[in-house]
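Asker: The structure follows.
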Amino acid sequence: MDLQAIQDEALAAIKSSGDEAALQELRVRYLGRKSELAGALRGLGKLPAAERAVAGQATNRAKQAVEAALDARRDELRAAREVGLADHEWLDLTLPARRPRRGHLHPITLVENDLEKLFWGMGYRVVEGPWIEDEFHNFDALNIPASHPARDDWDTFWLSDGNLLRTHTSPVQIRAMRRFGAPLKAVFPGRVFRNESVDATHEAVFGQLEGLVIGRDITPGHLFHSINAILGALLEEGVRTRYRPGFFPFTEPSFECDIMRDGRWLELCGMGMVHPHVLRAGGIDPDEWTGFAFGLGIDRLAMMRYGIDDIRWFHSGDQRFLEQFPCA
Ligand code: DAH
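So the sequence shown is residues -13 to 314, counted in our numbering.
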């Protein structure tokens, strides 16, 4: 057997091998159990004793040379691969981390928060009432008995148990009067529900903020001043308002407040001096106390403030709409 020829062939193949898998095949071919070298080592026993030592040494030298070449080539291939790795697989640890997406506050929430803050600053407490109301708080106690034609002004979602979804935040007036007594300064923000068809200016679910002030010698002047101050702070300084006579069963006299937007008067909210029947229903003596009340539509204010032309945007859930408003 020509050991030198085998060794030369093996070393040449190892040198030109391109990857570790090919190298492994060469290791099997030249050193494996069925290889010529392994066969030669196995055949040593059959040689005459005089030749055995020399042949054994020669075979082992060839085997070691092939092994060393395999190991060297393997190290070379690995090193080359690691250099290549750095070219296409890398991580820039100086890049800023990706920020989580932040949610945006709904425009109704923004206006409601600001209204609460403004009224809080003027000494009002902020109180919430239940969405599911009874007929007494939503109507009777507000001087709207079952026979009163004004009940038709509030298209009502009646529940099967005789209760209803409140049609306005006014019933919270009664709850607050009974709970806190007089004197009292409070606002009641929250959702209200109307059984109405929806269009660009009407929603079945919308936000109101009710205000109630009970004290001694409260006059409409206090009311107008408070509303003007709030609107000035919420929309813009010096915003123009006008107050017209209106009608609500729970106030006497009643007024409507209009606001000037783009050269036109828009109806903004109802208000008035709390009707003696309503004070009495709240457990307050109308001979001793007077008060004013108002009901602001939060959606309408948000539309004015942000230039929103269709009330249906509010419940659209459209991210393109929502993402235009500030984050929390
Ligand atoms: N509750 C009325 C509505 O939903 C709004 C309102 C008008 C509230 C006059 C008041 C008020 O407190 O005095 O249409």
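Glycine included, each C-beta is placed from N, C-alpha and C at the ideal position.
Applying the 10 Å Cβ sphere with the 16-neighbour rule, what's the burial state of C255?
Answerer: Sequence index remark: in the sequence shown, residue 255 carries index 269 (1-based). C255 should be labelled buried.
Asker: Does ligand 1 have a heavy atom nearer than 7 Å to the CB of H154?
Answerer: Counting from 1 along the sequence shown, the entry for residue 154 is found at position 168. Yes - ligand 1 has a heavy atom lying nearer than 7 Å to the Cβ of H154.
Asker: Between which residues of its own chain and R336 is the CB-CB distance below 6 Å, once the five residues before and five after are set aside?
Answerer: Here the chain comprises residues numbered -13 to 314, so residue 336 is not present and cannot be evaluated.
Asker: In terms of residues, what are the limits of the alpha helix (DSSP H) holding L33?
Answerer: As a working note, residue 33 is residue 47 in the sequence shown. Here L33 belongs to no alpha helix (DSSP H), and DSSP marks it neither H nor E.
Asker: Any heavy atom of ligand 1 closer than 7 Å to the Cβ of M257?
Answerer: Position 271 of the sequence shown, counting from 1, holds the residue named residue 257. For ligand 1, at least one heavy atom lies less than 7 Å from the Cβ of M257.
Asker: From N124, T155, D120, pick the residue whose C-alpha is nearest to that of D147; which is it?
Answerer: As a working note, residue 147 is residue 161 in the sequence shown. When only C-alpha atoms are compared, the closest one is D120.
Asker: Straight-line CA distance for R291 to G249?
Answerer: Counted from its first residue, the sequence shown places residue 291 at position 305. Counted from its first residue, the sequence shown places residue 249 at position 263. If you take the alpha carbons of R291 and G249, they lie about 15 Å apart.
Asker: Taking the alpha carbon of V264 as the point to measure from, which residue in W251, E253, F278 has its own alpha carbon closest?
Answerer: Your numbering for residue 264 matches position 278 in the sequence shown. Closest option to V264, Cα to Cα, is F278.
Asker: On the criterion of 16 or more Cβ atoms from any shown chain inside 10 Å, does H261 qualify as buried, or is it exposed?
Answerer: By 1-based counting over the sequence shown, the position of residue 261 is 275. Buried, since its Cβ has 16 or more Cβ neighbours within 10 Å.
Asker: Between which residues of its own chain and G224 is the CB-CB distance below 8 Å, once the five residues before and five after are set aside?
Answerer: If you number the sequence shown from 1, residue 224 lands on position 238. Result list for G224: G218, in chain order.
Asker: Can you give me the start and stop residues for the alpha helix (DSSP H) that V264 sits inside?
Answerer: Your numbering for residue 264 matches position 278 in the sequence shown. Per DSSP, V264 belongs to the alpha helix (DSSP H) from 262 to 267.
Asker: Tell me the DSSP secondary structure of E98 in three-state form.
Answerer: For the purposes of this step, residue 98 is identified with residue 112 of the sequence shown, where counting begins at 1. Looking at E98 - three-state DSSP - the assignment turns out to be helix.
Asker: Quick one: what's got a C-beta closer than 6 Å to V97's C-beta in the same chain, skipping five residues either side?
Answerer: Translated into positions along the sequence shown, residue 97 becomes position 111. Cβ neighbours of V97 beyond the five flanking positions: I284, L287, A288.
Asker: DSSP three-state label for R60, please.
Answerer: Within the sequence shown, the letter at position 74 stands for residue 60. Helix, per DSSP.
Asker: Is it true that the CB of G197 sits closer than 8 Å to the CB of F280?
Answerer: Your numbering for residue 280 matches position 294 in the sequence shown. Your numbering for residue 197 matches position 211 in the sequence shown. Yes, these two residues count as a Cβ contact at 8 Å.
Asker: In whole angstroms, what separates the C-alpha of L63 from that of A36?
Answerer: On the sequence shown, position 77 is the one that residue 63 refers to. On the sequence shown, position 50 is the one that residue 36 refers to. If I take the Cα positions, the gap works out to 42 Å.
Asker: What does a CB cutoff of less than 8 Å around T45 pick up in its chain, not counting 5 residues either side in sequence?
Answerer: Position 59 of the sequence shown holds residue 45. Closer than 8 Å at the Cβ level, and outside the excluded window around T45, lie L(-11), L23, A26, L27, L30.
Asker: Just checking A190 against ligand 1 - is the residue's beta carbon closer than 7 Å to any of the ligand's heavy atoms?
Answerer: For the purposes of this step, residue 190 is taken as the residue at position 204 of the sequence shown. It does not: the Cβ of A190 is nowhere closer than 7 Å to a heavy atom of ligand 1.
Asker: By the three-class DSSP mapping on this structure, what secondary structure does M108 have?
Answerer: In the sequence shown, counting from the first residue as 1, residue 108 sits at position 122. DSSP places M108 in coil when its eight states are reduced to three.
Asker: Can you tell me whether N129 is buried or exposed? The criterion is at least 16 other CB atoms within 10 Å of its CB, across all chains shown.
Answerer: Against the sequence shown, residue 129 aligns to sequence position 143. Label assigned to N129: buried.
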